[in-house]
Amino acid sequence: MDLTVSYLREEVTKMAALVEQILSQSINQAFSKDDIYALEKQINDYHKSIDDNIFKYIALKAPAASDLRTALAIMKMNSELERIGDQAVNIKRYFSKVTLEHPLLTQLQDEVIIMIKKSFDSFANRDMTIATDVIKTDKEVNNIHREIIREYFRKMKEENFSFDEGFSILRIAKILERIGDHATNICEDIIFLETGNDIRHPNN
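Quick note on our numbering: the sequence shown kicks off at 20 and runs consecutively.
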């Protein structure tokens with residue numbers, strides 16, 4: 020194995036594909052918990068391997084500034100991907116308690132899945148336009164999340180309201196909102212990787 024920036028990019032791209040898969044399966048009741056746990060193990064293995072290889076790359080290659088920036092950005096993306104995998108497992112636990120259709124929740128999960136796919140596309144193609152679009156979409160995801168919370172408190176007054184299901188919906192919505200944040204973080208890292216500009220704190 021020749022440790023290069025290209026190799027590290029390839030490995031994190033493979034991990035990203037698994038993360039996209041586990042997120043899709045976590046909200047699809049056709050897949051079992053065992054399916055999800057098997058994917059989670061693969062993601063965790065990639066996470067450890069990529070981190071180890073980045074440390075080795077930095078120690079052995081003493082990369083120039085641009086390659087070092089790339090390696091550090093990949094390391095940050097690696098952590099975000101691992102967290103998304105963990106969140107997907109949590110979603111699966113709560114979805115088993117949801118029995119009814121919830122349009123706002125469906126809208127939220129669709130938006131978040133699009134954000135994840137776009138963030139990976141941005142990384143693969145080094146596309147700053149896509150990365151910027153994902154960051155803007157995060158505001159819409161936050162708005163939907165807040166509307167789900169408002170809807171929950173409105174429905175609490177109904178006689179047939181299920182607190183167990185309502186709580187599960189709130190937890191799923193919060194987890195999806197966090198996954199949207201992870202997608203945003205990935206895109207901020209991509210912009211840093213390609214431009215050297217840290218846009219996380221523009222006013223500082």
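Yeah, the Cβ is synthetic: ideal placement off N, Cα and C, and Gly gets one too.
Owing to the predicted nature of the structure, the values given are computational and were not obtained by experimental measurement.
In three-state terms, what does DSSP make of Asn216? Your numbering for residue 216 matches position 197 in the sequence shown. Coil.
Give me the Cα-Cα distance between Asn87 and Glu170, rounded to the nearest whole angstrom. Within the sequence shown, numbered from 1, the residue matching residue 87 stands at position 68. Within the sequence shown, numbered from 1, the residue matching residue 170 stands at position 151. The amino acid at residue 87 is misidentified as Asn; the sequence shows Leu. Looking at the two C-alpha atoms, the distance is approximately 47 Å.
Just curious, the alpha helix (DSSP H) that Phe172 is in, first and last residue? As a first step, residue 172 must be located in the sequence shown, where it is residue number 153. From DSSP, the alpha helix (DSSP H) with Phe172 extends over 147–174.
C-alpha gap between Met96 and Phe142, whole angstroms: Indexing the sequence shown from 1 puts residue 96 at position 77. Indexing the sequence shown from 1 puts residue 142 at position 123. Cα to Cα, the separation comes out at about 10 Å.
Please work out which residues of its chain come closer than 6 Å, Cβ to Cβ, to Tyr65, disregarding the five sequence neighbours upstream and downstream, and give them in chain order. By one-based count along the sequence shown, residue 65 stands at place 46. Counting only Cβ-Cβ distances below 6 Å, and skipping sequence neighbours, we find Met34.
Would Glu41 and Glu59 qualify as a contact pair, given that the criterion is a beta-carbon distance under 9 Å? By one-based count along the sequence shown, residue 41 stands at place 22. By one-based count along the sequence shown, residue 59 stands at place 40. It is Ile, not Glu, that sits at residue 41 in the sequence shown. In contact: Ile41 and Glu59 (Cβ atoms closer than 9 Å).
Quick one: measure Cβ to Cβ for Leu124 and Ile93, integer angstroms, because I've assumed they're closer than 8 Å. Counting from one through the sequence shown, the residue named residue 124 turns up at place 105. Counting from one through the sequence shown, the residue named residue 93 turns up at place 74. So it is not a contact: roughly 33 Å between Cβ atoms.
Do we get a CB-CB distance below 9 Å when we pair Ile191 with the residues of chain D? This model lacks chain D altogether; it includes just one protein chain.
Would a C-beta distance cut-off of 9 Å place Ile291 and Ile110 closer than the cut-off? What is shown of the chain runs 20 to 223, which leaves residue 291 out entirely.
Compute the beta-carbon to beta-carbon distance between Val24 and Ala90, rounded to the nearest angstrom, for a pair I have assumed lies under 8 Å. The residue you call residue 24 lines up with position 5 of the sequence shown. The residue you call residue 90 lines up with position 71 of the sequence shown. The pair is a contact, with the Cβ atoms about 7 Å apart (cut-off 8 Å).
Between Ile73 and Leu27, is the Cβ-Cβ spacing less than 9 Å? Walking along the sequence shown from the start, residue 73 turns up at place 54. Walking along the sequence shown from the start, residue 27 turns up at place 8. Yes; because the gap between Cβ atoms is below 9 Å, this pair is in contact.
DSSP three-state call for Lys67: helix, strand or coil? On the sequence shown, residue 67 is found 48 positions in, with the first residue counted as 1. Correct three-state label for Lys67: helix.
Sequence-distant residues of the same chain with beta carbon closer than 8 Å to Leu119, five excluded per side: Reading the sequence shown from its first residue, position 100 is the one you call residue 119. Closer than 8 Å at Cβ, skipping near neighbours: Glu184.
If you pair each beta-carbon of the region 174–184 with each one of the region 148–159, do three or more pairs fall below 8 Å? no
Integer-rounded CB distance, given that Ile69 should sit under 8 Å from Val108: If you number the sequence shown from 1, residue 108 lands on position 89. If you number the sequence shown from 1, residue 69 lands on position 50. Contact flag wrong, Cβ pair sits at about 19 Å.
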